[in-house]
Amino acid sequence: MNRSNHRPILAKISGVGHYMPEKVLTNHDLEKLVDTNDEWIVSRTGISERRIVADGEFTSHMSVNAINELLETTDTDVSEIDVIIVATVTPDRLFPSTACLVQEKIGAKNCWGFDLSAACSGFVFGLNTASRFVESGAYKKIIVVGVDTMSSIMNYKDRNTCILFGDGAGAVLVEPSEEEGFGIIDSLSSIDGSGAEHLYMPAGGSEKPASHETVDADEHYLHQDGKKVYIDAVRGMADISIKILEKNGLNGEDIDLFIPHQANKRIIDSTAKRLKIDSSKVVINIGSYGNTTAGTIPLGLYDAVQDGRLKKGYVTVLAAFGAGYTLGSTLLKWAY
Ligand code: COA
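For the sequence shown, our numbering begins at 63 and goes up steadily by one.
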């Protein structure tokens, strides 16, 4: 789904909110659950700790907290919101959508919305969709949330997966850009279903509804072929980043800030190397958050805004790779 560059209205991100649960799950905590150790996890993934929801916290709850911070910092009245897109693979319930639950909780009376299932690329797909909606002139204020409660589908007896993931939420406001050239310049989104069997949750859907057997077989947890996904992620995330740069006559040296999906620090380092982006221009927060799936990129944006690494006018690339497979990239000139 590539877009043309001839668009009268440009969309921009005008604010970022976030929510991280307070509870910290360290590598040392995991040493008590599975046969692993801090040294192995840090050296193979770059992760030291991740956040995990407490009782009573879940996907809509984290989304609402992130949105409330977003509305406050952007001085936006909730009645102005036209659309809510919730990117997640861990919705509160299979239906109704988490977007509906969030809409009710924040009291957004004048909007519609939907959930978007694209795993780790969910936020980028949501952002790319929202920018199209804004560019079309149909909507003026769209909230995109990237959120996942990965602990709800994590098998804390499986050392291959439980060390990688954490919980968290980030939300952005997308609206028309008033300043020429500032905002979302271009976006790419693509899917490759040949990867479906390498990273998935086997049961709980229509193919294999929940039963005693599926529960006993641990089929309601995330399953993955880590090695295969690693190789495909390194190639996929670099390819979709290079593609958006080349399409816009740019190369790695033109990028002021690169915010990739945070699945494994080694994947990020390899991607940055292939793009020839200096490591000082790469946002890496996987060490303290782990892989929060749809949450990683808005949380990266949030951290970069907070610590002053993301400044107005910065040429920024977002890149994601996830289950599906799904791949997405966004090229922005940061607008505030
Ligand atoms: N602690 C200690 N040892 C572990 C371990 C753990 N948590 N997990 C696996 N091991 C062991 C393996 O059993 C294996 O032992 P063996 O050689 O005796 O069989 C050894 O460590 C090496 O395992 P391997 O799978 O080769 O490690 P790796 O370097 O490929 O790292 C991942 C494993 C999962 C960290 C890595 O493959 C990865 O990050 N994959 C991509 C995951 C991902 O990004 N998913 C989301 C995509 S959006």
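The beta carbon of each residue, even a glycine, is placed where N, CA and C say it ideally should be. Computed from a predicted structure; not experimentally measured.
| Asked | Found |
| --- | --- |
| Stretch pair the segment 155 to 170 + the segment 221 to 229: three plus CB contacts closer than 8 angstroms | no |
| heavy atom of the ligand COA below 7 angstroms from G288 C-beta | yes |
| CB contact flag (G255, F383, <8 angstroms) | no |
| Buried versus exposed call for F187 [16 or more other C-beta atoms within 10 Å across all chains shown] | buried |
| CA nearest to the CA of Y262, picked from I168, E197, A181 | A181 |
| Residue environment, N172, which counts as buried when at least 16 other CB atoms sit within 10 Å | exposed |
| Meets three-Cβ-pair contact criterion under 8 angstroms: the segment 194 to 204 and the segment 139 to 151 | yes |
| Residues of its chain near D177, where Cβ-Cβ distance is below 7 angstroms and the 5 sequence neighbours each way are ignored | V148, T150, P153, S159, T160, A161 |
| Burial state of F227, where buried means 16 or more other Cβ atoms lie within 10 Å | buried |
| Closest Cα partner of E197 within the set T135, L307, Q286, E237 | E237 |
| Same chain, Cβ closer than 7 angstroms to L380, five either side skipped, listed in chain order | V186, I321, I359, S391, T392 |
| Test item: CB-CB of A258 and A295 under 8 angstroms | no |
| Three-way DSSP call (helix, strand, coil) for K289 in this model | helix |
| Touch test, the segment 372 to 379 against the segment 349 to 357, Cβ-Cβ under 8 angstroms, three pairs minimum | no |
| Ranges of the alpha helix (DSSP H) found wholly within the segment 296 to 383, counting only runs of at least 4 | 327 to 337, 348 to 351, 358 to 368 |
| As assigned by DSSP and simplified to three states, the class of D154 | coil |
| Distance cut-off 7 angstroms: N190 Cβ against heavy atoms of the ligand COA | no |
| Cutoff 6 angstroms; reference N127; Cβ partners in own chain excluding five residues on either side | Y81 |
| Near the ligand COA: T107 beta-carbon under 7 angstroms from a heavy atom | yes |
| The alpha helix (DSSP H) enclosing V86, as first and last residue numbers | First-last for V86: 86 to 88, but that is the beta strand (DSSP E), not the alpha helix (DSSP H). |
| Closer than 7 angstroms: A325 CB and nearest the ligand COA heavy atom | yes |
| Where F120 falls, given that 16 or more other Cβ within 10 Å makes a residue buried | buried |
| For L92, the three-state DSSP class (helix, strand or coil) | helix |
| F244 in three-state terms, based on DSSP | coil |
| The beta strand (DSSP E) enclosing L394, as first and last residue numbers | 388 to 395 |
| Beta-carbon proximity of G232 to G357, cut-off 8 angstroms | yes |
| Heavy atom of the ligand COA within 7 angstroms of F383 beta-carbon | yes |
| Range covered by the beta strand (DSSP E) that runs through M80 | Here residue 80 turns out to be His, not Met, going by the sequence shown. Its beta strand (DSSP E) spans residues 73 to 81. |
| Per DSSP, the bridge partner or partners of Y218 | None, per the DSSP bridge assignment. |
| Start-end ranges of the alpha helix (DSSP H) lying completely within the segment 104 to 154, minimum 4 residues | 121 to 135 |
| Close beta carbons around L133, own chain, < 7 angstroms, minus the five adjacent residues each side | V140 |
| Beta-carbon proximity check, K343 vs L307, cutoff 8 angstroms | no |
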